[in-house]
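**Student:** Numbering that gives the first Met the number 0 numbers the first residue of the sequence shown as 0 and each following residue consecutively.
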Amino acid sequence: MNSNKRVLSVFLFVLFYFKAGTAFSQTLYIPHPEIRYAVNNPNFFLTAPNISYQTPQAYKVNAAIIPLVPKNTGGAVPPNHYGQVITFAGTGKAGLVNNTGTNASFSAPLGLGADVNGNIYVGDYNNNLIRKITTAAVVTTLAGLPGKYGAKDGPSTIATFELPQGVAVDKNGNVYVADSFNDLIRKITPGGTVSTLAGQANVAGFANGINATFNSPTGVAVDNAGNVYVADQGNNLIRKITPNGNVSTLAGTAGVTGANDGANATFNAPTALTFDNSQNLFVADAGNNLIRAVTLSGNVSTFAGSGMPGANDGQGAAASFNHPTGISTDFYGTLYVADEKNNVVRQISPQGFVSTLAGNGQSGAIDGIAQNATFSYPGSIVADNMGNVYVGDVSTFIIRKIAVTGYKIDKALPAGLTFDATTGIISGTPTVQSPSTNYTITAFNAAGNSSTVVNITVNGNNGALPAPPNITYQTPQTYYVNNAISPLSPTNSGGAVPANVYGQVTTVAGSSALGNHNAVGTKATFGGPAGLVFDRAGNLFISETINNDIRKMDPSGLVSTFAGTGTPGEINGPGNTATFHDPFQLAIDGGQNLYVSDFTNNIIRQITPTAVVSTFAGTGSQGTNNGPKATATFYNPEGLVFDPSGNMYIADRGNSTIRKIDASGQVSTFAVLNGGAPPVTFDAGLAFMAADANGNLYFGNTDQVELNMPASFPKVIAGSGRPGFADGSGTSALFFGPNGITADPIGNIYISDSYNNRIRKVDATGLVKTLAGEGGYGGNNDGVGSSATFFHPLGLAVDPTRNFLFVADKGNNLIRKVTITGYGIDKSLPTGLVFDATTGLISGTPTFSSPPENYTITAYNTGGSSSFVINIQILEISVVFNPIPAKTVCDADFDPGATGGGPITYTSSNQAVATIVAGKVHINGPGVADIVASDGTSQARQTLTVTDAVVPAITISPSSADDCQGNAVTFTTTVTNGGTNPQYQWQVNGQNAGAGTPQFTSYSLNNGDIITCKLTSDAVCVTSATAVSNPVSFVMDPPIATSVKITSSANGPVCAGTAITFNAIAFSPDVHPSYQWQVNGLNVGTDQPAFTTTSLADGSVVTCILLSTGKCIINPSVTSNAIAIALSPPGQCIVTIPNAFTPNGDGINDVWNVSALQSYPGCTISIYNRYGALVYNSVNYPKAWDGTVNGKKLSAGTYYYVIDLKNGKKPIAGSVAILR
């Protein structure tokens, strides 16, 4: 088999298991590790979700809503609570127990890694072990010797580590460990062999090459080529190790702390690393509070964080962290950060936006969702490839698990409504009113996420139906050719009209191709859709006569097969094994059981909500037998409906009868039609049925629609009984095959006029109108009203919102919907005018004349309708009226200049702005007015805009001023409405000063002087020509002299090497002045008010220079008094050796101060640990020992010293304790 064939076999395997719905758990021999990774990763072929909701939604208080289900055309969303935090493993107490979940224990889990199978590996810092946790939370020891520390290689059961931290796993299953205290990078093979990949045990340094050294490495990551990258924390470097162990420096400057980007970058305690799938390397730069990005060529950039400690979310540098110590990335590029000192877990999008995933900043170990959970110093983190993030919670010694799949919503829903984070479904019963509010819902899977906005309003409950509209228009209207009209809006004093286009036809499911493919919306296919019915949850059920099955479309548009195999038959049982033969109309009862008129099987079927199919009535034989439903017989039952009392009615087409099944299961003949004779043609006879809230039955019967009221005989309400097409009242209307039928709650009857390829509507008065459909030979065009086309439409159903009529477009194999709310108009408006069917607004510019014409506009909502007749005529225009230039309130009366076929008269629409005086426009005030010019036969309109008189204003800055005596002070003006040549007059204390310019400078201001400026404007049309600025008061600051005095802790002569402390006492207005200490005129010490030294010679002179900044200081630099030091003769000095010191950085006893050694030139000090190993050696002891070796802190304990004074006497030996 060649490699191409091997790859092909892999993908055949993958596709097979997707089809079977089985997880990727089988092991294959695949030569390429990248392909092996794909097969073991269940999300390798997953796509991100793509969700949407039907929006906006308007609900009523105390009325249960139809569950609002998201439509997802992308990848599946796991049923998790996004952001749910649980304790995955660990008891919460430090320990070393292998067990399952919370029965296991750890001690400071400072490193986490994950393999492709979802196993987690832990750098168990204080236990000196590497632990492994399976996906079932079973904890074992992978490598290391419990209770032992060291750097021994070999089998995992005898190998040792010392304070291991970062862990990474390559695609072959090798585990790499940052063995921090050993200064090593270790490797653990899948077989359990531990080896040293790079570094020298306990040798801290930054040498590259095969014999490289590290300094406290804390983080590791592996690229696709098997190179290992190291966060070398003590060296502030990012290092790279090739598979053969050759080490190089990728980024950073050894030993230099900083946050510089670029090729010469610097870091501050880089702690952890991660690669994304594009091989971008990211670094948790803990000391800098930054997340850095490093290219494989070594170029560094700051990806997120401001550098200042904080917890702000935001884009890139707008975000902040506080000592981020862990970092990981998921399969599709989202970064996750263990923000240690903030006690939170952060996430960063591939575009650099930082948000808080979980935690609220409080320290603790509370499980919960997102900000309801708490952490305690989360120090390590890893994301697996299954949509989970694991966190090492260091202070509580536990491993936490965070779900990053599922749904989340950005704010709480109105009271009574519930958001199910596992499904994204909104349900419940609202209990309080709530204004229109946008809610952002996001769906997450392991491939990515999708967000959408749904708008929800909760109104007061004023009954089951809203009030019908009550619209009027201003009429009649006369408009003029080529003159834009003022938009004409309806006045509605009734119920609100939804912003829909009445009669709009839209295809919601199906592609027109014949088939039975299940998918979302128009990607699905159907075979002869016939009957439709909605359940309480908003699911639409569809019977198919060609496919012989029952399909289901959920509110998101997802089509599935609910029952039926597609093979004709009458088998009962589970939906996926049951069979039907020509199923037609559907009905549903209060228990949400579905009923089917199984036409060719001559029976009525029942389907439970769990899709179990049984025979409800009929034996399967043709007949007219009444009685118990199990023995009754039918002949081609087609129509099926329940009345409000729960009685079932059946249009028994072959017998031309209406049959009834009561609550006890008894079948009877309710009505006989057409003399009981069977139909002679398929387009004749009984068809579907409908029932209204009053129990009236409606059905189609040979080109007419009939009504059967309770306890009465059927009567014709529409249609003549002969085929044809005509709208009209009652029997004057014509139908051709009225098959599908349904009723809405307000008495309208909708009919699918199958052979006319139209949808018809009969209102409560019996008037028949065509709602949608062009007629003709049929088609599948979407559009409004007669611009849409159908092909043999059958079943109808009004949706739960009552805004839409759904149509089973049988000949097209489509499911269509027709909007039955909004506005409609009975005919086209004159050319150039536009009718907006969502608002009822008429607008535009007429282009041709038109005689007076009545137009009927109807508004529809779910409570009813309202019609109004408006009369419109369009006249030619003879008036020429040019636009009017903008005016001000100062302008004189003017003639707008219109001309026409006769004398011109003007009118104004706004008397407050302008009136007509002696044939001219007289301006009264600011605003807008329409000026209409008329010559007696036509009119023209122009808009007059009048602006108010302007108000000059002036301000000067600064608004307050203080400065030192004799300094120049400058003030500047800011002017509004000053005109083209404004004039300025400056004043000091009311007396004129300066030149007439926008700026004024003075060297002679005194304390308390008041400065102002007067503006004289030459602008046209002003309220006043002058304005005076804000007053500014001047404060004069006095001169200040600084001084400094120093004192010494030495009173008289001291022995050489004695620590002497000098303190500076400063007088300065500077809150933080600088100090420069000098010995014999040479700079020493640090910028602090105290200076301590042990290296002064006899006669040394100590001084301090004080440097101050601030206003009006006359001596920024001043030198203190001098102090001379005298040393005692060596014979008078005794060597004093402390027996302990505490190097903890608090400034007290941080070093081992041995006095008087400077009196013994060439003296040596050697210090040994308890094993006799030399840990410190010094000649002349120039600097007191701080308890470290090679820059690394020694552990607390007892150490042994030998001091040789080189004076011919026996060396001094003893012990010293390091206390931490």
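We treat Cβ as the ideally placed atom computed from N, Cα and C, and that holds for glycine.
Kindly confirm or deny that the segment 429–448 and the segment 109–119 touch, where touching means at least three C-beta pairs closer than 8 Å.
**Tutor:** Result no; under three Cβ-Cβ pairs closer than 8 Å.
**Student:** Helix or strand or just coil, what does DSSP make of Glu-569?
**Tutor:** Glu-569 falls in the coil class under three-state DSSP.
**Student:** Using a Cβ distance threshold of 8 Å, determine whether the segment 621–630 contacts the segment 577–586, with at least three qualifying pairs required.
**Tutor:** No contact exists between the segment 621–630 and the segment 577–586.
**Student:** Do you know whose CA, among Ala-303, Ile-1112, Asn-1114, Ile-1124, lies nearest Thr-1102's CA?
**Tutor:** Checked all of Ala-303, Ile-1112, Asn-1114, Ile-1124; the closest Cα to Thr-1102 is Ile-1124.
**Student:** In terms of alpha-carbon separation, which member of Thr-609, Ala-629, Phe-789, Ala-610 lies closest to Ile-603?
**Tutor:** Out of Thr-609, Ala-629, Phe-789, Ala-610, Ala-629 has the C-alpha closest to the C-alpha of Ile-603.
**Student:** Whose C-alpha, out of Asp-1097, Leu-1105, Gly-739, is nearest the C-alpha of Asn-1120?
**Tutor:** Comparing Cα-Cα distances from Asn-1120 to each of Asp-1097, Leu-1105, Gly-739, the minimum goes to Leu-1105.
**Student:** So which of Cys-963, Ser-1047, Asn-482 has the shortest CA-CA distance to Ala-1063?
**Tutor:** Ranking the options by Cα distance to Ala-1063, first place goes to Ser-1047.
**Student:** At what residue ranges does the segment 1004–1081 contain a whole run of the beta strand (DSSP E), taking only runs of 3 or more?
**Tutor:** Qualifying beta strand (DSSP E) stretches, in chain order: 1009–1015, 1025–1027, 1031–1036, 1042–1047, 1059–1066, 1073–1078.
**Student:** Runs of 3 residues minimum, wholly inside the segment 731–789: which ones carry the beta strand (DSSP E) assignment?
**Tutor:** List check, beta strand (DSSP E) in window: 737–742, 748–752, 757–761, 766–771.
**Student:** Residue range of the beta strand (DSSP E) that Asp-329 falls in?
**Tutor:** Premise fails: Asp-329 is in no beta strand (DSSP E) and is neither H nor E.
**Student:** Only counting the same chain, and skipping five residues up and downstream in sequence, which positions put a Cβ closer than 7 Å to that of Tyr-36?
**Tutor:** Here the model assigns Tyr-36 a pLDDT of 34, short of 50, so the residue's position is not dependable, and the following value carries that caveat. Hits under 7 Å: Val-115, Lys-170.
**Student:** If you draw a straight line from the C-alpha of Pro-1210 to the C-alpha of Asn-1168, how long is it?
**Tutor:** Spanning the two alpha carbons is a distance of roughly 18 Å.
**Student:** Please look up how many angstroms separate the CB atoms of Ala-650 and Ala-676, rounded, as I've assumed it's under 8 Å.
**Tutor:** Actually they are not in contact, since the Cβ atoms of Ala-650 and Ala-676 sit about 15 Å apart, beyond 8 Å.
**Student:** Could you work out which residue in Ala-206, Phe-281, Asn-235, Gln-232 is closest to Ser-247 when comparing CA atoms only?
**Tutor:** Per the Cα distances, Ala-206.
**Student:** Comparing C-alpha positions only, which one of Ala-136, Asn-118, Gln-199, Ile-119 sits nearest to Asp-152?
**Tutor:** Among Ala-136, Asn-118, Gln-199, Ile-119, the Cα nearest to that of Asp-152 belongs to Gln-199.
**Student:** From Ser-106 to Gly-94, what does the alpha carbon distance come to, in whole angstroms?
**Tutor:** Their backbone Cα atoms lie some 6 Å apart in a straight line.
**Student:** How would you label Leu-1218, buried or exposed, when you count the other beta carbons within 10 angstroms and need 16 or more for buried?
**Tutor:** Exposed.
**Student:** With DSSP as the reference, please indicate the residues paired to Lys-886 in a beta bridge.
**Tutor:** Looking at the DSSP assignment, Lys-886 forms a beta bridge with Val-945.
**Student:** Give the DSSP bridge partners of Phe-525, in chain order.
**Tutor:** Partner(s): Leu-513.
**Student:** On the three-pair Cβ rule with 8 Å, is the segment 1049–1067 touching the segment 990–1006?
**Tutor:** Result no; under three Cβ-Cβ pairs closer than 8 Å.
**Student:** Rounded to whole angstroms, what is the Cα-Cα separation between Gln-986 and Thr-1011?
**Tutor:** If you take the alpha carbons of Gln-986 and Thr-1011, they lie about 5 Å apart.
**Student:** Gly-1213: buried (16+ other C-beta within 10 angstroms of its C-beta) or exposed?
**Tutor:** That one is exposed.
**Student:** Using only the alpha-carbon positions, how far apart do Val-767 and Asp-726 sit?
**Tutor:** Approximately 5 Å between the Cα atoms of the pair.
**Student:** Is the beta carbon of Val-1078 closer than 9 Å to that of Thr-1092?
**Tutor:** Contact: yes.
**Student:** DSSP beta-bridge partners for Gly-718?
**Tutor:** BP columns for Gly-718 are empty, so no partner.
**Student:** Between the segment 367–375 and the segment 291–306, are three or more C-beta pairs nearer than 8 Å?
**Tutor:** Not touching, per the Cβ criterion.
**Student:** Tell me, which residues are paired with Met-688 by DSSP?
**Tutor:** Bridge partners of Met-688: Phe-698.
**Student:** Work out the CA separation of Gly-261 and Tyr-120 for me, nearest whole Å.
**Tutor:** Going from the Cα of Tyr-120 to the Cα of Gly-261 covers about 33 Å.
**Student:** Please list the terminal residues of the continuous beta strand (DSSP E) segment that includes Ala-1212.
**Tutor:** Ala-1212 -> beta strand (DSSP E) spans 1211–1217.
**Student:** Using a Cβ-Cβ cut-off of 7 Å (strictly less than) and excluding sequence neighbours within five positions of Thr-946, which residues of its own chain qualify?
**Tutor:** So the list reads Ala-885, Thr-887, Pro-925, once near-sequence residues are dropped.
**Student:** If contacts are defined as beta-carbon pairs under 8 Å, then Gln-314 and Pro-269 qualify, I think. What distance do you get, rounded to the angstrom?
**Tutor:** At roughly 23 Å, the Cβ-Cβ gap does not stay under 8 Å, so Gln-314 and Pro-269 are not in contact.
**Student:** Where does Pro-216 land, buried or exposed, given buried means 16+ other C-beta within 10 angstroms?
**Tutor:** Answer is buried; the Cβ neighbour count reaches 16.
**Student:** Is the Cβ-Cβ distance between Val-282 and Ala-316 less than 9 Å?
**Tutor:** No.
**Student:** Need the endpoints of the beta strand (DSSP E) that Gln-346 sits in, please.
**Tutor:** Run containing Gln-346: 343–347, per the beta strand (DSSP E) assignment.
**Student:** Could you tell me the boundaries of the beta strand (DSSP E) in which Thr-441 lies?
**Tutor:** From DSSP, the beta strand (DSSP E) with Thr-441 extends over 433–444.
**Student:** Taking 8 Å as the threshold, find out whether the segment 471–481 comes into contact with the segment 772–780 through three or more Cβ pairs.
**Tutor:** No contact exists between the segment 471–481 and the segment 772–780.
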